[in-house]
Structure formats: structure tokens, C-alpha cells
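Residue numbers (this note's numbering): 8 to 282.
Notes follow the structure.
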């Protein structure tokens with residue numbers, strides 16, 4: 008969040024930064040060459056047409072910088088929205104407040120002003136690239152977070168069988184239970200625990216009515232023993248969206264959802280994601 012604050016406010020101070028530091032002047036200036044070399048005895052007054060050329064040059068430079076600062080301000084506001092950051096105190100739509108003691112200074116020369124504009128343009132370009140990279144990071148980060156299983160697949164209910172070794176309710180043997188059983192009333196909504204895409208639906212052996220959701224980032228969840236399935240393969244689903252209605256199909260002793268979580272193809276304990 009500190010990075011977001013710094014990037015949002017930095018563009019407001021770019022002009023002040025270059026204006027207050029020494030400027031390395033280059034031999035060749037980008038401003039129009041409108042004054043030819045003259046001897047000390049000759050007049051050096053700038054004609055009206057020459058002054059217009061200079062004014063037009065700097066007007067174009069200023070217009071470009073203004074457009075760039077508007078783009079940076081809009082990008083900063085978008086980043087703030089993504090990050091949930093309040094920018095009210097920064098008043099991004101107003102000129103930054105400045106002040107100081109009255110001190111006799113000197114006007115910037117044409118060369119210094121031209122060099123400063125060039126440096127400011129480079130600074131704004133760098134800031135734009137940095138903000139764009141941060142925007143992509145925040146968007147990707149949000150997508151990753153939304154695709155990680157979190158919460159129970161059924162509201163209420165109670166855990167009737169944990170993940171791990173147990174005595175099989177059908178044959179009495181010690182077997183490894185690869186999921187978590189959550190019992191509730193028949194017909195209770197079974198919901199997705201994260202954003203994803205439905206990768207499998209239908210009846211599958213002991214699973215009975217099964218829905219499988221691929222969340223990306225290596226995560227897959229399975230919801231079994233459903234009596235009614237509400238989604239189709241290929242559907243994009245959001246966290247909390249109803250996938251099916253609870254039942255007791257397949258190898259089941261009563262209404263419950265058998266909930267599995269796989270990471271990179273390996274079963275992991277679903278309890279770590281619902282507590």
C-alpha cells in the first residue's frame with residue numbers, strides 16, 4: 008500500500024524536482040534557432056515572428072506534458088480503486104499546494120527550461136511505465152486471490168467425516184479419505200469456494216453427481232454426491248455461485264457434500280481452506 012501512495016503522489020512533485028536541481032546544459036538546444044549570432048554592436052531584439060515561433064514551441068511542449076500528467080492522474084486513480092485506497096487527501100484533481108519564504112531568484116534561461124522539459128518528460132515516461140506495471144501486478148494479484156479456495160461449499164451443516172485415514176462406513180476397513188464430508192439437509196445449495204471454470208460434471212462412480220471446478224494456479228475443487236447439478240462443463244463461475252443441490256447419490260450413507268481440494272494434481276486437506 009505504501010508503494011501505491013508513493014506512486015500516486017510522485018507525479019505532483021516531478022516539476023519541482025528538476026526545477027530545484029542543477030541542470031546540465033547540452034551544446035545543442037531543442038528550441039528553434041531563431042536568433043543568429045551578432046556582434047555586440049548589433050541589435051539582439053527578437054522580432055514578433057521569432058517570438059511567436061518560440062511561444063508556439065513551448066506551447067506544444069506544455070500541451071504534451073499536460074496530456075501526460077492527465078494520463079498519469081487517471082492511472083493513479085485506477086490503481087487506487089483496485090487497491091481500495093482513499094485518495095481524497097491527495098486531491099488529485101487540484102494543483103499541489105506549495106509555499107515558502109520570498110527569496111530573490113533568477114529566471115530560467117531558454118536552455119535550462121528546454122533541458123528541464125526534456126528531463127520532466129523522461130520522468131513522466133518512467134512513472135507511467137512503473138504505474139502500468141503496478142496496475143498489472145494488482146490485477147493479477149486480485150485474480151490469483153479470487154482463485155484460491157476459501158470457505159465452506161455449503162452454508163451451515165457440520166463436518167461428518169474428516170480428511171485422512173478413517174474406518175470406511177461400508178466395509179469397515181481402514182482407508183484414506185481424500186476429502187471432507189459436510190452433512191446438511193437434502194437440497195441444500197452447494198456453492199463454489201472460489202472463482203473458476205467448471206471442468207467436469209456428471210456421474211462418476213462412487214462420487215455420484217459430481218462437479219469439478221478448475222480455479223487456475225494449480226487449484227481444483229470437487230463437489231460430490233449431488234442430486235441436482237446446476238452448471239455445465241465450461242461455465243465460468245464465481246465464488247459463492249450455486250453449483251448443485253446436495254443429495255446422497257453414489258457411495259453415500261446420507262445427504263452430504265464430499266468436498267475435495269487438489270493442488271497441482273495432489274489432494275490436500277480441505278479443512279485448511281474452510282476454517
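Cβ atoms here follow ideal geometry from the backbone N, Cα and C, with glycine treated the same way.
How is the beta strand (DSSP E) around residue i delimited, first residue to last?
i           : result
residue 233 : 226 to 236
residue 221 : 216 to 223
residue 183 : 181 to 184
residue 168 : 165 to 168
residue 171 : 171 to 174
residue 275 : 273 to 275
Helix, strand or coil for residue i? Go by DSSP, reduced to three states.
i           : result
residue 211 : coil
residue 192 : coil
residue 255 : coil
residue 280 : helix
residue 246 : coil
residue 267 : strand
residue 71  : helix
residue 117 : helix
residue 260 : coil
residue 283 : Outside the shown range of the chain, which is 8 to 282, sits residue 283, and nothing can be said about it.
residue 123 : helix
residue 155 : coil
residue 199 : coil
residue 30  : Summary for residue 30: the model assigns pLDDT 39, below 50, so the residue's position carries little reliability, and this model does not support an answer.
residue 83  : helix
residue 128 : helix
Might you give, ordered along the chain, the residues of its own chain that have their beta carbon closer than 8 Å to the beta carbon of residue i, omitting 5 neighbours on each side?
i           : result
residue 161 : 189, 191, 195, 196, 197, 198, 253, 264
residue 237 : 249, 250, 251, 252
residue 5   : The structure shown has nothing for residue 5, since the chain only spans 8 to 282.
Measuring CB to CB, does residue i end up less than 8 Å from residue j?
i           : j           : result
residue 209 : residue 217 : yes
residue 214 : residue 257 : yes
residue 277 : residue 186 : yes
residue 79  : residue 126 : no
residue 154 : residue 226 : yes
residue 139 : residue 82  : yes
residue 124 : residue 84  : no
residue 156 : residue 64  : no
Given residue i, which residues of its chain have a CB within under 7 Å of its CB, disregarding the five upstream and five downstream residues?
i           : result
residue 239 : 205, 208
residue 260 : 176
residue 163 : 191
residue 272 : none
Which same chain residues end up closer than 6 Å to residue i when comparing Cβ atoms and leaving out the 5 residues on each side of it in sequence?
i           : result
residue 275 : 268
residue 220 : 199, 203, 205, 228
residue 242 : 205
residue 70  : none
residue 55  : none
How about residue i: is its C-beta nearer than 8 Å to some C-beta of chain D?
i           : result
residue 159 : Here chain D cannot be found, since the structure has a single protein chain.
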